[in-house]
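*Asks:* Below: one structure in structure tokens.
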Amino acid sequence: MQNVQSIRPARPDAAFRFDARRPLRPATPAMIEAVIRHADRAERLAGGRLRLRLSEGMARDLIRQGRLAEPDQRLCDLTVVWDEAQGEVVLVRDDARLREASARWAEWDALWDEASYSPAPDALAA
């Protein structure tokens, strides 16, 4: 009985539960350059850095003007941190999987809306 050990339950990675893994198609240098060139949202960070993003509205306008192609809508998922002093990209964050997971979870969240618990009008009339 001395060799008996308790069995610990396996704990899966939290990111796996929410399907927030890396995107299937990684960002290319051309995509990063397009975000830097067309970004309409810029937030100043410490150390002379900028956080650059492309909004969905701006991406639709650029696609309508013919300056971007339809698959370039994916640029809205990228966030680029640019160092102005060095003139280089410091960080690229890709939120494609988070957006997809959020869309899937939105259907589940809708099941627990308060409006869904209100009684039907026919039940109130009876």
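First residue of the sequence shown: 421, per our numbering; consecutive thereafter. Positions of the beta carbon are idealized from the N, C-alpha and C atoms, including for glycine. All values reported here derive from a predicted model rather than from experimental measurement.
1) Return the CA-CA distance between residue 508 and residue 462, expressed in angstroms with no decimal places.
2) Can you tell me which of the three DSSP states residue 495 falls into?
3) Hey, would you say residue 498 sits closer than 8 Å to residue 447, going by beta carbons?
4) Please name the residue, chosen from 465, 504, 527, 478, that lies closest to residue 454 on a Cα-to-Cα basis.
5) Would residue 474 pass as a contact of residue 502 if the rule is Cβ separation under 8 Å?
6) For residue 495, collect the residues of the same chain with a Cβ closer than 8 Å to its Cβ; drop the 5 residues on either side in sequence, then sort them by chain order.
7) Would a C-beta distance cut-off of 8 Å place residue 510 and residue 464 closer than the cut-off?
8) Only counting the same chain, and skipping five residues up and downstream in sequence, which positions put a Cβ closer than 7 Å to that of residue 527?
9) If you draw a straight line from the alpha carbon of residue 476 to that of residue 445, how long is it in whole angstroms?
10) For the alpha helix (DSSP H) containing residue 482, list its first residue and its last residue.
*Replies:* The short version:
1) 16 Å
2) helix
3) yes
4) 478
5) no
6) 451, 454, 455, 458, 474, 479, 488
7) no
8) none
9) 19 Å
10) 476-485
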